[in-house]
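These notes concern the structure reproduced below.
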Amino acid sequence: MTAVVQQRENQRNGSTVTIDESISRLQHVAEGLVTDLREVLDGNVVAAQLDPVGFGGVLRGAVASLAGQPMEVAQAAANYSARGTQAAVAAGLRALGVSVDGPVELAEERRYADPAYTSNAWFYLARQQHALFAEYVHELVRRAHVTGHERQKLEYAANQVIEATAPANFPLTNPAVFKQAFDTGGLSVLRGLRNMVRDQIANRGQPRQVTPGEFRVGRDLAVTPGKVVYRNRLIELIQYEPQTERVHAVPMLFSPPWINKYYIMDLAPEKSLVEWAVQHGHTCFMISYRNPDASLRDVTMSDYLREGPLAAMDAIEEITGAPEVNIVALCLGGTLAAATAAWLAARGEKRIGSLTLLNTLLDFQGVGQLGVFTDEATIDRIEARIQRDGYLPAETMKSTFDLLRATDLVWNYVVNDWMLGKDPKPFDMLTWNSDSTRMPAAMHMEYLRKCYLRNELANGEMQLADERLDLGQVQQDAYLVTAEADHIAPWAAVLRGAGRLGGSVRFVLSNSGHIAGVVNPPSPKSKHWVSESATLDADPDTWRDGAAQQDTSWWEDWTGWIAAHAGDQRRNPPPLGSTAHPALADAPGDYVRG
Numbered sequence: 025m026t027a028v029v030q031q032r033e034n035q036r037n038g039s040t041v042t043i044d045e046s047i048s049r050l051q052h053v054a055e056g057l058v059t060d061l062r063e064v065l066d067g068n069v070v071a072a073q074l075d076p077v078g079f080g081g082v083l084r085g086a087v088a089s090l091a092g093q094p095m096e097v098a099q100a101a102a103n104y105s106a107r108g109t110q111a112a113v114a115a116g117l118r119a120l121g122v123s124v125d126g127p128v129e130l131a132e133e134r135r136y137a138d139p140a141y142t143s144n145a146w147f148y149l150a151r152q153q154h155a156l157f158a159e160y161v162h163e164l165v166r167r168a169h170v171t172g173h174e175r176q177k178l179e180y181a182a183n184q185v186i187e188a189t190a191p192a193n194f195p196l197t198n199p200a201v202f203k204q205a206f207d208t209g210g211l212s213v214l215r216g217l218r219n220m221v222r223d224q225i226a227n228r229g230q231p232r233q234v235t236p237g238e239f240r241v242g243r244d245l246a247v248t249p250g251k252v253v254y255r256n257r258l259i260e261l262i263q264y265e266p267q268t269e270r271v272h273a274v275p276m277l278f279s280p281p282w283i284n285k286y287y288i289m290d291l292a293p294e295k296s297l298v299e300w301a302v303q304h305g306h307t308c309f310m311i312s313y314r315n316p317d318a319s320l321r322d323v324t325m326s327d328y329l330r331e332g333p334l335a336a337m338d339a340i341e342e343i344t345g346a347p348e349v350n351i352v353a354l355c356l357g358g359t360l361a362a363a364t365a366a367w368l369a370a371r372g373e374k375r376i377g378s379l380t381l382l383n384t385l386l387d388f389q390g391v392g393q394l395g396v397f398t399d400e401a402t403i404d405r406i407e408a409r410i411q412r413d414g415y416l417p418a419e420t421m422k423s424t425f426d427l428l429r430a431t432d433l434v435w436n437y438v439v440n441d442w443m444l445g446k447d448p449k450p451f452d453m454l455t456w457n458s459d460s461t462r463m464p465a466a467m468h469m470e471y472l473r474k475c476y477l478r479n480e481l482a483n484g485e486m487q488l489a490d491e492r493l494d495l496g497q498v499q500q501d502a503y504l505v506t507a508e509a510d511h512i513a514p515w516a517a518v519l520r521g522a523g524r525l526g527g528s529v530r531f532v533l534s535n536s537g538h539i540a541g542v543v544n545p546p547s548p549k550s551k552h553w554v555s556e557s558a559t560l561d562a563d564p565d566t567w568r569d570g571a572a573q574q575d576t577s578w579w580e581d582w583t584g585w586i587a588a589h590a591g592d593q594r595r596n597p598p599p600l601g602s603t604a605h606p607a608l609a610d611a612p613g614d615y616v617r618g
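Counting in this note's numbering, the sequence shown runs from 25 upward without gaps.
Structure below.
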């Protein structure tokens with residue numbers, strides 16, 4: 025760092041330097057910064073337990089690469105500095121009433137909607153400087169010579185740094201903080217400090233997304249009437265009360281993900297997919313998975329297959345007398361439902377009438393940002409961590425998914441809770457999002473390796489419960505829903521997986537994201553896209569170009585499709601439970617509260 029000291033000494037002595045000397049000195053500064061950073065990363069600062077994804081190794085490689093390009097790094101720094109000066113000049117002129125644009129054209133973003141970010145020179149400068157910083161970081165990432173997967177991790181880390189340093193996330197560069205403090209006579213500052221201390225103690229240092237107790241399971245959420253009619257060590261099976269005089273002959277089984285609680289499919293009145301189905305004449309059953317503890321550490325995916333969908337279908341057949349069910353499945357629950365259909369096909373059994381798969385990955389290539397967390401080295405680190413406890417902690421999964429949308433699910437609440445001193449607004453979907461579950465060690469590692477690492481299900485190589493699974497043998501008609509802004513199951517990957525199924529597939533692209541794309545009751549904002557001509561092996565852009573927009577919810581489109589696959593309607597609905605499967609408890613049951 026001697027170059028920095030010398031540069032400051034020259035400035036104090038009034039020395040003049042040439043442009044070439046300036047560039048040379050910037051080069052030495054860049055080399056010093058790189059050396060200092062390497063020394064930090066090569067030490068024990070980033071312990072293994074604090075870096076399960078392995079960002080430290082990737083950053084070391086990137087820094088080493090940039091160290092071999094000192095002139096390029098210096099030029100990038102000089103360009104960053106020069107444009108920063110331009111931004112400062114533009115802000116200064118704006119302060120004098122002269123309308124001058126800075127070096128960066130600023131995009132419209134919801135967090136910068138306050139007019140002060142345009143009209144006030146200080147806040148305008150803050151945005152300009154952050155935009156320049158983002159460009160500079162991306163330029164360094166672009167110049168780093170790293171492998172393809174390392175680049176994905178490096179870009180992810182860079183984006184997290186950029187999001188964390190956004191002007192909206194700091195009191196001095198967020199005009200709303202000043203306004204709130206003025207309007208409340210400073211009380212917002214005290215409330216924000218109170219909230220921050222509370223969250224450090226009671227919420228693992230994370231800002232609250234919801235206020236506890238505003239929505240309760242069984243009172244506000246998961247309230248569609250029904251009974252628990254079956255229970256084993258992994259699931260409770262809920263049968264819902266009929267709400268129509270006539271019901272379809274083929275019952276419906278909902279298969280939720282066990283990575284969260286089931287009630288995202290029964291969120292709240294008028295926002296519940298299972299309520300919608302019941303009200304349209306379907307006899308509905310729901311799997312509710314147990315929140316596993318260390319006693320289930322050795323449970324495998326084969327166990328989830330046998331004791332989940334297969335056990336549920338046995339109980340449904342005994343209660344209703346129907347030899348087949350229509351399965352409606354979400355996310356990981358959809359992956360298991362498709363695997364179940366392939367398992368039955370391998371045995372020559374037909375117990376599934378149709379498949380409805382919602383935001384479900386069947387092909388795990390090109391999974392977007394989740395790929396950062398699912399390379400072999402990272403999975404090995406996860407395994408070493410969870411073998412100790414026998415499960416992956418619930419907060420780990422939640423934090424991972426939150427970081428995929430850090431602006432909305434992390435920094436938005438830093439501002440709201442800690443800087444503005446407000447409580448989060450009541451939101452049923454975020455209440456569900458905060459109600460995560462643990463993952464059994466054996467099952468979770470098997471899932472990560474078989475699906476994300478080796479893509480065995482898509483390649484016809486996965487074996488579960490003594491059968492090899494081939495999705496091409498799944499001949500049932502299928503209705504696949506995906507969401508255009510899904511950050512967990514990218515719609516292009518869902519489209520690719522849809523082409524693996526052997527039956528007729530209706531592929532629907534919904535608006536919104538991973539959850540709001542499913543909790544999508546009819547509303548003026550609802551829309552979806554379908555293509556009657558494009559094939560499932562089409563390029564995603566080609567499919568989208570040929571798809572027609574429908575200004576309705578996919579729920580309405582699906583209603584007619586599933587009715588055509590549910591058989592005739594009968595006047596007398598089946599009873600709730602049976603002698604062999606009597607009602608054990610009222611819905612939502614016990615497992616959902618664990």
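Heads up, the beta-carbon is just placed ideally off N, CA and C, and yes, glycines get one too. Nothing here was measured: the structure is a model prediction, and the numbers come from that model.
Measure how close the beta-carbons of residue i and residue j come, nearest whole angstrom, since I'm counting them as under 8 Å.
i      : j      : result
Leu519 : Thr506 : 7 Å
Asp291 : Met453 : Note that residue 291 is Leu in the sequence shown here, rather than Asp. Contact flag correct, Cβ pair sits at about 7 Å.
Leu382 : Val542 : 5 Å
Gly591 : Val253 : Rounded, the Cβ-Cβ distance is 21 Å, inconsistent with contact.
Pro231 : Trp456 : Rounded, the Cβ-Cβ distance is 18 Å, inconsistent with contact.
Leu386 : Ala482 : 6 Å
His589 : Gly377 : 6 Å
Val349 : Val274 : 7 Å
Tyr471 : Met325 : 6 Å
Cutting at 7 Å between CB atoms, please list the residues of its own chain near residue i, excluding the five before and the five after it.
i      : result
Gly414 : Ala318, Arg321 and Ala465
Thr424 : Phe397
Gly85  : Val170 and Glu174
Leu395 : Here residue 395 turns out to be Gly, not Leu, going by the sequence shown. Same-chain partners within the cutoff: Gln176.
Ala366 : Leu493, Asp494, Leu495, Gln497 and Val498
Pro597 : Pro266, Val271 and Thr307
Ala301 : Met276 and Cys308
Trp567 : Leu519, Ser555 and Ala558
His605 : Val253, Tyr254, Ala339, Glu342 and Ile343
Can you tell me where the beta strand (DSSP E) with residue i in it begins and where it stops?
i      : result
Phe309 : Cys308 to Tyr313
Tyr160 : Tyr160 -> not in any beta strand (DSSP E); alpha helix (DSSP H) instead, spanning Ala145 to Arg167.
Thr235 : Here Thr235 belongs to no beta strand (DSSP E), and DSSP marks it neither H nor E.
Asn535 : From DSSP, Asn535 is part of no beta strand (DSSP E); its letter is neither H nor E.
Arg255 : Gly250 to Arg255
Gln263 : Ile259 to Tyr264
If I follow the unbroken alpha helix (DSSP H) through residue i, where does it start and stop?
i      : result
Arg13  : Residue 13 lies beyond the stretch modelled for the chain, which goes from 25 to 618, so this question has no answer here.
Phe278 : Looking at the DSSP string, Phe278 is not in any alpha helix (DSSP H); the run it does join, the beta strand (DSSP E), is Met276 to Ser279.
Arg175 : Gly172 to Ala188
Gln204 : Pro199 to Asp207
Trp567 : Pro564 to Gly570
Asn219 : Leu211 to Ala226
Ala588 : Trp578 to Ala588
Asp338 : Ala335 to Thr344
Met421 : Ala418 to Leu428
Arg84  : Phe79 to Ala91
Glu294 : Per DSSP, Glu294 belongs to no alpha helix (DSSP H) and is neither H nor E.
Tyr328 : Met325 to Leu329
Gly358 : Leu356 to Ala370
Based on the DSSP secondary-structure assignment, which residues constitute the bridge partners of residue i?
i      : result
Leu385 : Bridge partners of Leu385: none, in fact.
His272 : Gln593
Trp553 : Leu533 and Gln573
Thr109 : Its beta-bridge partners do not exist; DSSP assigns none.
Ser378 : Asn350 and Asp501
Leu245 : Val241
Ala609 : Val252
Asn284 : Ser460
Tell me which same chain residues have a C-beta within less than 8 Å of the C-beta of residue i, skipping the five on either side of it?
i      : result
Arg492 : Ala370, Gly484, Glu485 and Met486
Leu444 : Ala200, Val201, Gln204, Ser212 and Gly216
Trp582 : Thr380, Tyr503, Val505 and Val532
Thr576 : Pro546, Ser550, Lys551 and His552
Arg478 : Glu485
Ala587 : His272, His304 and Gly305
Thr142 : Tyr148
So, for residue i: in the same chain, excluding its five sequence neighbours on each side, which residues have a beta-carbon less than 6 Å away from its beta-carbon?
i      : result
Gly357 : Ser279, Pro280 and Pro281
Leu117 : Val124
If you scan the segment 447-528 from start to end, which runs of the beta strand (DSSP E) of 3 or more residues do you find wholly inside it? Within the segment 447-528, complete beta strand (DSSP E) segments of at least 3 residues are found at 501-507, given in chain order.
What alpha helix (DSSP H) runs, 4 residues minimum, are completely inside the segment 113-148? Listed in chain order, they are 140-143.
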